[in-house]
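Read in order, the letters of the sequence shown correspond to residues 5 to 116 in the numbering used here. For each residue, glycine too, the CB sits at the ideal point set by N, CA and C.
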Amino acid sequence: MGGLKITFIDPRGNPVVCEAEAGDNLLKVGQAAGLPLEGTCEGQMACSTCHVVVAAEWFDKLTEASEEEEDMLDFAAGARRTSRLSCQIDLTRELDGLTVSVPATSNDARKM
Ligand code: FES
5 MGGLKITFID PRGNPVVCEA EAGDNLLKVG QAAGLPLEGT CEGQMACSTC
55 HVVVAAEWFD KLTEASEEEE DMLDFAAGAR RTSRLSCQID LTRELDGLTV
105 SVPATSNDAR KM
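Listed below in structure tokens is the structure:
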């Protein structure tokens, strides 16, 4: 089991390489690795604190964001074209090598 390598770039620009398995949730993997992903709404698409910026070469390999996710990303601090909510990304074999950046700041949309 295991065998997927996921790289998170932390807010200081340092790469953190994690082992994950198909079916793992990207937010949970990042949290387990100690990255500052709050994920305060626990995947309910209500907070945007799990926002990550996906490396451009990986963005198209992900299943598309739902409309709710797109709406929530509008609240995310420093959102870019390749931003996603990590709680909405479940890992598959095809995502072995995925690289995402964790932004320095996040907004909790529920507190805005
Ligand atoms: Fe709140 Fe992802 S954990 S939107």
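Give me whichever residues DSSP pairs with residue i in a beta bridge.
{"i": "Thr103", "result": "Thr11"}
{"i": "Ser87", "result": "Val57"}
{"i": "Cys22", "result": "Ile10"}
{"i": "Asn29", "result": "Asp94"}
Measuring alpha carbon to alpha carbon, tell me which of the options ends up nearest residue i.
{"i": "Arg97", "options": "Thr11, Gly27 and Pro19", "result": "Gly27"}
{"i": "Arg16", "options": "Pro40, Met49, Gly47 and Lys65", "result": "Pro40"}
{"i": "Val106", "options": "Gly43, Lys9, Leu8 and Glu23", "result": "Gly43"}
{"i": "Arg84", "options": "Ser70, Lys65, Leu8 and Val104", "result": "Val104"}
{"i": "Phe63", "options": "Gln92, Asp100, Asp112 and Thr86", "result": "Thr86"}
{"i": "Glu68", "options": "Ala81, Asp94 and Phe79", "result": "Asp94"}
{"i": "Ser110", "options": "Glu74, Lys9 and Val56", "result": "Val56"}
{"i": "Lys65", "options": "Gln92, Lys32 and Leu99", "result": "Leu99"}
{"i": "Glu73", "options": "Arg88, Ala81 and Gly82", "result": "Arg88"}
How long is the line joining the alpha carbons of residue i and residue j, rounded to whole angstroms?
{"i": "Cys51", "j": "Gly38", "result": "19 Å"}
{"i": "Glu25", "j": "Arg114", "result": "31 Å"}
{"i": "Leu8", "j": "Gly47", "result": "22 Å"}
{"i": "Gly34", "j": "Asp75", "result": "23 Å"}
{"i": "Cys54", "j": "Cys45", "result": "9 Å"}
{"i": "Ile10", "j": "Met49", "result": "22 Å"}
{"i": "Gln92", "j": "Leu30", "result": "8 Å"}
{"i": "Pro19", "j": "Leu102", "result": "12 Å"}
{"i": "Lys32", "j": "Asp78", "result": "22 Å"}
Tell me whether residue i is buried or exposed, calling it buried when 16 or more other Cβ atoms sit within 10 Å of its Cβ.
{"i": "Ala60", "result": "exposed"}
{"i": "Ala80", "result": "buried"}
{"i": "Val21", "result": "exposed"}
Between residue i and chain C, is there a C-beta pair that is closer than 8 Å?
{"i": "Ala113", "result": "No chain C appears in this structure, which consists of one protein chain only."}
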